[in-house]
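One structure is given here, and the rest of the page talks about it.
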Amino acid sequence: MAHLLTLMTGPQPEPAMWLPTAASSQAADVDGLFHFILYLCTFFFVLIMALMVYFVVKYRRKSATQKTSAVSGSHKLEIAWSVIPTLLLVVIFFWGFKGWMNLNVPPEDALEIRVLGKKWSWEFDYPYNGVSGAGELVVPVNQPVKLIMSSQDVIHSFYVPAFRIKRDVVPNRYSVLWFNPTKKGTFDVFCTEYCGTSHSQMLSRVKVVSRDDFKKWAETGGGMDGLSPVELGKKLFSSKGCVACHSITDDRMAKPGPALGKRFGKMEEMSTGEMVKVDENYVRESIRNSTAKIVKGYAPVMPPFPASSVSDRQLNALIDYIKSLK
Ligand code: CUA
Numbered sequence: 214m215a216h217l218l219t220l221m222t223g224p225q226p227e228p229a230m231w232l233p234t235a236a237s238s239q240a241a242d243v244d245g246l247f248h249f250i251l252y253l254c255t256f257f258f259v260l261i262m263a264l265m266v267y268f269v270v271k272y273r274r275k276s277a278t279q280k281t282s283a284v285s286g287s288h289k290l291e292i293a294w295s296v297i298p299t300l301l302l303v304v305i306f307f308w309g310f311k312g313w314m315n316l317n318v319p320p321e322d323a324l325e326i327r328v329l330g331k332k333w334s335w336e337f338d339y340p341y342n343g344v345s346g347a348g349e350l351v352v353p354v355n356q357p358v359k360l361i362m363s364s365q366d367v368i369h370s371f372y373v374p375a376f377r378i379k380r381d382v383v384p385n386r387y388s389v390l391w392f393n394p395t396k397k398g399t400f401d402v403f404c405t406e407y408c409g410t411s412h413s414q415m416l417s418r419v420k421v422v423s424r425d426d427f428k429k430w431a432e433t434g435g436g437m438d439g440l441s442p443v444e445l446g447k448k449l450f451s452s453k454g455c456v457a458c459h460s461i462t463d464d465r466m467a468k469p470g471p472a473l474g475k476r477f478g479k480m481e482e483m484s485t486g487e488m489v490k491v492d493e494n495y496v497r498e499s500i501r502n503s504t505a506k507i508v509k510g511y512a513p514v515m516p517p518f519p520a521s522s523v524s525d526r527q528l529n530a531l532i533d534y535i536k537s538l539k
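Mapped onto this note's numbering, the consecutive letters of the sequence shown carry residue numbers 214 to 539.
Laid out in structure tokens, this is it:
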């Protein structure tokens with residue numbers, strides 16, 4: 214199973230015992246504090262439970278006539294159990310505050326990448342070489358990366374467990390997150406804010422590659438150049454998030470949107486009762502103006518994809534890909 218997962222996702226560094234792989238410079242700080250709190254709590258839990266059991270046995274009532282002895286307070290004990298936890302909390306506060314400040318202040322030389330969250334996919338725009346709308350975040354290793362994030366619709370949350378970073382992605386404003394990847398590999402991106410039907414499918418990946426591989430990737434338009442229309446369509450189908458709602462089989466119940474397998478060229482009944490042929494113009498309209506015609510039995514939940522989001526070349530590639538789903 215682990216082998217199969219590696220084949221599917223590329224090489225993935227081994228995770229630690231409690232936590233996912235630590236693959237960013239911030240992870241050590243976060244993990245250190247997490248372990249400190251975890252072992253501190255474990256120590257006091259065991260200590261308090263053991264003492265409680267011991268006292269229950271030692272001071273149990275031994276006969277029906279035994280009287281409870283008089284108990285007077287102990288200032289020494291009270292000061293000890295007030296001062297020691299206070300000092301421990303102060304340590305936790307300053308440790309956490311230092312890490313929080315570090316997570317919130319990106320370095321000056323960070324590579325800036327824009328992140329767009331939408332129902333239900335992530336899109337990444339790079340500031341150079343015209344790489345835009347990438348479905349995966351590709352970054353060079355040991356290079357601080359600053360993410361400038363916004364949402365097209367509702368609140369999402371960008372989360373990379375391996376980097377120990379997470380922040381809400383909100384419409385009409387930017388939120389910022391940064392990381393410095395220290396390990397090459399492929400790491401999961403999750404949405405951690407419930408955002409509707411396909412929230413759990415709102416997945417992506419961060420690919421941390423060498424500086425040379427990153428340069429090559431950026432020079433070929435994010436790996437999109439030189440692909441055949443069907444190959445490009447297949448890539449876009451997952452990077453634009455279509456895959457979250459549309460099955461590529463003909464199983465109508467597999468996903469919340471209409472299944473696309475074996476549909477091209479067939480007649481389809483709309484919610485109005487009208488019969489429409491699934492041809493180039495119908496697919497084009499369904500992408501550009503997604504709520505113009507709704508297939509019977511489905512909700513009008515798909516966002517529109519104007520030319521600024523899916524270019525004409527990309528639109529043609531998507532149509533060719535849907536055609537190929539025989
Ligand atoms: Cu986006 Cu959950």
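Yeah, the Cβ is synthetic: ideal placement off N, Cα and C, and Gly gets one too.
- Under DSSP, C404 shares a beta bridge with F371.
- By the beta-carbon neighbour count (other beta carbons within 10 angstroms, threshold 16), F518 is buried.
- When S484, L528, E498, H412 are compared, the shortest CA-CA separation from W335 is found for H412.
- Taken through DSSP and simplified to helix, strand or coil, I507 comes out as coil.
- Of the residues A512, Y511, L449, S287, the one whose Cα lies closest to the Cα of N529 is L449.
- Rounded to whole angstroms, L253 and G510 show a C-alpha spacing of 55 Å.
- Not a single heavy atom of the ligand CUA lies less than 8 Å from the C-beta of M362.
- Only residues of its own chain outside the window of five on either side were considered, and among them S503 have a CB closer than 6 Å to the CB of M515, listed in chain order.
- Judged by DSSP in its simplified three-state form, E482 adopts strand.
- Comparing alpha carbon positions, the residue from G286, P374, V496, S345 closest to E432 is S345.
- At least 9 Å separates the beta-carbon of L416 from that of F392.
- For the options A457, L473, T485, C458, the alpha carbon positioned closest to that of V491 is the one of L473.
- Cβ-Cβ distances below 8 Å link E349 to F337, S417, R418, V419, K420, S452 in the same chain, with the five nearest sequence neighbours on each side left out; the list follows chain order.
- Annotation for F403: Y372 place their beta carbon closer than 6 Å to its own, counting only its chain and skipping 5 residues before and after.
- The alpha carbon of Y407 has as its nearest neighbour, out of D366, S423, F257, the alpha carbon of D366.
- Around the beta carbon of L390, 16 or more other beta carbons lie within 10 angstroms, which makes this residue buried.
- Annotated three-state conformation of S388 is strand, per DSSP.
- Comparing C-alpha distances from E325 to each of K311, V351, T278 shows the shortest one belongs to V351.
- In the DSSP assignment, the residues bridged to F337 are V328, A347.
- Taking 9 Å as the cut-off, the Cβ atoms of R424 and Q356 count as close.
- Taking C-beta separations shorter than 7 Å and ignoring five residues to either side along the sequence, the partners of V496 in its chain run I532, I535, following chain order.
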